[in-house]
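Quick note, the sequences are listed as chains A and B, same order.
Going letter by letter, the first sequence gives residues 1 to 234 in my numbering.
Going letter by letter, the second sequence gives residues 1001 to 1234 in my numbering.
Glycine is no exception: its CB is placed at the ideal position from the N, C-alpha and C atoms.
There are 2 protein chains.
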Amino acid sequence: MIGTVSLAQVGALVGDPTRAAMLQALIDGRALTAGELAALARVTPQTASGHLAQLAASALVAVSRQGRHRYHRLATPQVARMLESLMQVAAASAPPRARTGPRDEQLRLARTCYDHIAGRLGVALADAMMARGWVEIEDDAALVTSDGMDQLAALGIALDPSSTGKVRSVPLCRPCLDWSERRSHLAGRLGAALCTHGLERSWIRKRAGSRALEVTSAGRRAYRDLFCIEIFET
Amino acid sequence: MIGTVSLAQVGALVGDPTRAAMLQALIDGRALTAGELAALARVTPQTASGHLAQLAASALVAVSRQGRHRYHRLATPQVARMLESLMQVAAASAPPRARTGPRDEQLRLARTCYDHIAGRLGVALADAMMARGWVEIEDDAALVTSDGMDQLAALGIALDPSSTGKVRSVPLCRPCLDWSERRSHLAGRLGAALCTHGLERSWIRKRAGSRALEVTSAGRRAYRDLFCIEIFET
DNA sequence: GCGTCGGTTCGGCCGCGGCCGTAACGACGC
DNA sequence: GCGTCGTTACGGCCGCGGCCGAACCGACGC
């Protein structure tokens, strides 16, 4: 049975609480130093270093030296998707999730999912764009309509299709099941473009040391005016 | 940091070699008894029982009693996708994969990936359909073109879009990175339909006790004639 | 009733692996 | 040069968890 050992090895890597915390801290695509990851995971630097060496040896994280720091990030988007799928299953396995602290609430409102927006804001954006006919979402596939391409371009979101243009609808969009909302939000190239677009216009801002996204007042206005999204009260 | 424990818990479940072997045996969607899984994982029944109890408690597998047998299967397609994504990362982490035994070869040629076809046959089908313009595949999104819908219908593969029909291209198709070929094959509703279609016409046949698919002589002919696929010679 | 078979529970053994203390190593800044 | 910060290497402790043997439970068939 080919691959069994490898499957178990990767599972075991994610299976340790310390390593899992580190991986989860890296899931938004940023690069963190070993010291930061050690503090996040509540272990001593040398322990963290050992874990990071394992993760690097298995090519789950990539390291890049810079001065006397070593920055660690997830090696590929594949790894981020793997972690997301694990978190989906984890969220489904533990339904009675009563923990709704303030940190929690921020994460549920809006957060990054490697390169796109997740949380209530993410699913609200997906809903709005589907209602307008800009995208179509099936259970595990999605696409941007030609109308959606035009409207998004008008908003300054250019989706270079890189295709020959002989077809009008291009698959630039991938549904990504949200582990907190249990609904689909938009990933793929469109999801990444939406996130970049919001960051450039300061509609959303990355919080330091967290995956949570802060929605600025300008962002509230913009998302409300453009997409009729009203999820920001309380 | 919400979810950390859960993430690690699921990882640890997959991280044990015995449980990993069981999960991998279930990845094709079949339901197996505890005894079969024990034999597959090379452990005694009581050990297997303990592992299966854990997997069931975390809702990774679902059990259904039937007489004095207990059939175990993956709880949701989500779990299958999670395992596939883990295997992709595992395959990428261990590049020098020299093991190419006969069992291995069968799996690489054609196998099921929960509900669709993977392996060389899977990527060849994807390539052929893309070359004909029936589907379009980007890196992490895919769709069936209207032309493809017609042509597939002519072959007896009906993809009920469940949509209003106001658009011509519907997202019924999801790319799934193949861990052995490192190329995309077709999943989603089209992938499942292709697999069912082949099984109904006895072009492919499920091998007992394995995920490997046997391509019948009729299947070789059909796939060659319809899609110009020539991958079946040793 | 009895025997058989599939599956589970209990108890105890044992080994793997995470953790830290200490110490060494390397890169920077002065 | 020197001190400091960050990272890595080694040794040893300890606890979690997988494994099996034996016994128990329930379902079937006669």
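Alpha carbon to alpha carbon, how far is residue j from residue i? Give it in angstroms, no decimals.
i          : j          : result
Ala1062(B) : Leu226(A)  : 44 Å
Cys273(A)  : Gly122(A)  : Past the boundaries of the shown model lies residue 273(A); chain A is included only from 1 to 234, so the question cannot be answered.
His1072(B) : Leu1055(B) : 10 Å
Ala1192(B) : Gln1078(B) : 15 Å
Gly119(A)  : Ser184(A)  : 10 Å
His197(A)  : Leu190(A)  : 10 Å
Arg220(A)  : Leu213(A)  : 12 Å
Ser180(A)  : Arg1042(B) : 38 Å
Cys1228(B) : Leu1172(B) : 23 Å
Val167(A)  : Arg174(A)  : Note on Val167(A): pLDDT 48, under 50, position unreliable in the model; no value is reported.
Leu147(A)  : Leu186(A)  : Looking at the sequence itself, residue 147(A) is Asp, so the reference to Leu does not match. Rounded to whole angstroms, Asp147(A) to Leu186(A) spans 17 Å at the Cα level.
Ala1154(B) : Arg1207(B) : 29 Å
Phe232(A)  : Ala1020(B) : 42 Å
Ala27(A)   : Asp1140(B) : Note that residue 27(A) is Ile in the sequence shown here, rather than Ala. Straight-line Cα distance between these residues: approximately 18 Å.
Asp16(A)   : Ala75(A)   : 19 Å
Leu1159(B) : Asp150(A)  : 28 Å
Leu60(A)   : Glu1230(B) : 36 Å
Gln1066(B) : Gly1156(B) : 35 Å
Val89(A)   : Leu1037(B) : 22 Å
Leu1143(B) : Val135(A)  : 12 Å
Is there a C-beta anywhere in chain A that falls below 8 Å from the one on residue i?
i          : result
Val1014(B) : yes
Cys1173(B) : yes
Glu1138(B) : yes
Ser1093(B) : yes
Ala1020(B) : yes
Check whether the Cβ of residue i lies closer than 8 Å to any Cβ atom in chain B.
i         : result
Val10(A)  : yes
Leu143(A) : yes
Gly188(A) : yes
Leu125(A) : no
Ser6(A)   : yes
Measure the beta-carbon distance from residue i to residue j and round it to whole angstroms, keeping in mind my assumption that it falls under 8 Å.
i          : j          : result
Ala1128(B) : Ile1204(B) : Rounded, the Cβ-Cβ distance is 16 Å, inconsistent with contact.
Ser1058(B) : Val1014(B) : Not quite, the Cβ-Cβ distance comes to about 10 Å (not below 8 Å), so this is no contact.
Met1022(B) : His1051(B) : 7 Å
Gln24(A)   : Leu83(A)   : 7 Å
Ala1031(B) : Ser1049(B) : Ala1031(B) to Ser1049(B), Cβ: 16 Å. No contact.
His116(A)  : Leu40(A)   : At roughly 22 Å, the Cβ-Cβ gap does not stay under 8 Å, so His116(A) and Leu40(A) are not in contact.
For residue i, tell me which candidate among the options has the shortest Cα-Cα distance.
i          : options                                        : result
Gly1029(B) : Val1215(B), Arg1211(B), Ala1039(B), Arg1221(B) : Arg1211(B)
Arg1182(B) : Ala1124(B), Ala1208(B), Ala1039(B)             : Ala1124(B)
Gly1188(B) : Arg1019(B), Ser1049(B), Gln1066(B), Arg1081(B) : Arg1081(B)
Asp178(A)  : Ala91(A), Leu74(A), Ile27(A)                   : Ala91(A)
Met130(A)  : Thr145(A), Arg108(A), Ala75(A), Ile117(A)      : Thr145(A)
Ser1093(B) : Ser6(A), Arg65(A), Gln88(A), Ala126(A)         : Ser6(A)
Leu152(A)  : Gly133(A), Ala142(A), His116(A)                : Gly133(A)
Arg108(A)  : Arg224(A), Tyr223(A), Ala222(A), Val215(A)     : Val215(A)
Cys1176(B) : Thr1044(B), Ala1008(B), Ile1137(B)             : Ile1137(B)
Ala12(A)   : Ala1218(B), Met1087(B), Arg1201(B)             : Met1087(B)
Margin query: Any C-beta of chain A within less than 9 Å: which residues of the segment 1073-1090 of chain B qualify?
Written below: Ala1075, Thr1076, Pro1077, Gln1078, Val1079, Arg1081, Met1082, Leu1083, Glu1084, Ser1085, Leu1086, Met1087, Gln1088, Val1089, Ala1090
Checklist line | Cβ-based contacts, 9 Å cut-off: residues of the segment 1022-1040 of chain B near chain A | finding: Leu1023, Gln1024, Ala1025, Leu1040
Next item on the list: Note down, in chain order, all residues in the segment 1046-1073 of chain B with a beta-carbon under 9 Å from any beta-carbon belonging to chain A.
Entry: Ala1057, Ser1058, Ala1059, Leu1060
Note to self: Beta carbons nearer than 7 Å to chain B: which residues of the segment 106-126 of chain A have them?
What the structure shows: Leu107
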